[in-house]
Amino acid sequence: MKQLFWFGVVGVTAMLVHLGCVAFILVPAGLDPLVANVLAFLIAFQVSHSGHRRLTFSASSLTAPASQSRLRFFAVALGSFAINELMYWALLRFTNLDYRLALAMVLILVSAMTFFLARNWAFSERSTT
42 MKQLFWFGVV GVTAMLVHLG CVAFILVPAG LDPLVANVLA FLIAFQVSHS GHRRLTFSAS
102 SLTAPASQSR LRFFAVALGS FAINELMYWA LLRFTNLDYR LALAMVLILV SAMTFFLARN
162 WAFSERSTT
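Each residue of the sequence shown is one higher than the one before, starting from 42 at the first, in my numbering.
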């Protein structure tokens, strides 16, 4: 339960950093919003990785080295984003669901998948691949 709490806190914090970078720093500084979004993702990823390493998964005695978990968690984050977009597109394209309900469903499913992969692979020392 503690891991889920910190997973949520770190996730919301990273989201706010992402949003803040795009909306209050990068776009007002003249960057194209799509370029700003990529840069903000990379900045927010650092917050997310550090937070999960120090808070969410810190109690685990099997925590992987930072360099290993950073690379793995980056793969998880990119994969999660791609799955998020694909699932959201499919629900909007092939169902009559309201876009808000569709997004909520996708966010819940992708968050659960991200937590599982982060705990069992990205931050775990057990798997060497």
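Glycine is no exception: its CB is placed at the ideal position from the N, C-alpha and C atoms.
Predicted, not measured: the structure shown is a model, and the values here were computed from it.
Three-state secondary structure (DSSP) at residue i?
i    : result
S99  : coil
T155 : helix
M128 : helix
L138 : coil
P69  : coil
M56  : helix
M146 : helix
Q44  : helix
V51  : helix
Taking residue i as the reference, give the member of the options with the closest Cα.
i    : options                : result
F67  : A145, A77, A153        : The amino acid at residue 67 is misidentified as Phe; the sequence shows Leu. When only C-alpha atoms are compared, the closest one is A77.
Y129 : L148, A118, R113, L119 : L148
A153 : R141, A81, F122        : F122
F156 : D139, R113, A81, N137  : R113
E166 : A81, S99, D139, Y140   : S99
C62  : V88, W162, G120        : V88
Which partner residues of residue i appear in the DSSP bridge assignment?
i    : result
S165 : T104
Please tell me whether residue i and residue j are closer than 8 Å, where the distance is taken between their beta carbons.
i    : j    : result
H59  : A159 : no
F115 : F86  : yes
L127 : W47  : no
L133 : A143 : yes
S110 : F65  : no
>> Under 8 Å: do the segment 48 to 57 and the segment 102 to 113 share three or more Cβ pairs, one atom per stretch?
In response: no
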